[in-house]
Amino acid sequence: MSIFQKIIDGEMPADIVYNDDEVCAFKDISPKAPVHILVIPKKPIKSLSDMSSDDIQLMGTLLFRAKQIAAEQGLTDYRLVTNNGAQAGQSVYHIHFHILGGRPMGWPPG
Ligand code: DGP
């Protein structure tokens with residue numbers, strides 16, 4: 371079971387900023403920007419590579435919630451990132467989008 375599943379199940383504390391039947395969002399424990407929030411589906415999809423066609427609507431919902439949460443946090447400019455696989459920087463295998471904002475962002479990412 372991933373650490374994010376434990377957060378969803380209430381077994382692990384987190385600073386939750388959004389929660390509904392399908393989506394949960396909470397502050398990253400190791401923030402890389404003044405605003406750093408993780409947006410996850412409650413369905414335990416491991417990574418973007420594991421998304422199936424059954425998940426298209428859910429992932430659209432996730433994107434919509436991400437933009438709402440970013441706005442609620444006062445962000446107009448921000449980055450929305452998913453790391454897919456270890457080489458891309460994924461460390462938790464429950465799909466998530468990072469909302470990163472509140473400072474200028476470089477490009478390309480390292
Ligand atoms: P990634 O490396 O893309 O898989 O992102 C995983 C993120 O999850 C990373 O930025 C740190 C964060 N994280 C790991 N464990 C916890 C935790 O227990 N609580 C919270 N809030 N965030 C966590």
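So the number in the numbering used here is just where the residue sits in the sequence shown, counting from 1, plus 370. The beta-carbon is built from N, C-alpha and C at its ideal position, and this holds for glycine as well. Since this is a predicted model, take the numbers as computed values, not measurements.
- Rounded to the nearest whole angstrom, the C-alpha separation of G380 and G471 is 27 Å.
- Straight across, the Cα-Cα distance linking V462 with A441 is about 25 Å.
- According to DSSP, K397 shares a beta bridge with I407.
- In the DSSP assignment, G471 falls within the beta strand (DSSP E) that extends over 467–471.
- DSSP lists G471 as the bridge partner or partners of Y448.
- Within the same chain, Cβ atoms closer than 6 Å to the Cβ of F467 are found at V409, A436, L450, T452, the five residues on either side in sequence being excluded.
- In the structure shown, I439 adopts helical secondary structure according to DSSP, grouped into three states.
- The bridge partners DSSP lists for N389 are C394.
- The residues H406, I407, L408, H468, in chain order, have a CB closer than 8 Å to that of D398 in the same chain once the five nearest residues on each side in sequence are set aside.
- Contact annotation: T431 and V393 have beta-carbon atoms nearer than 9 Å.
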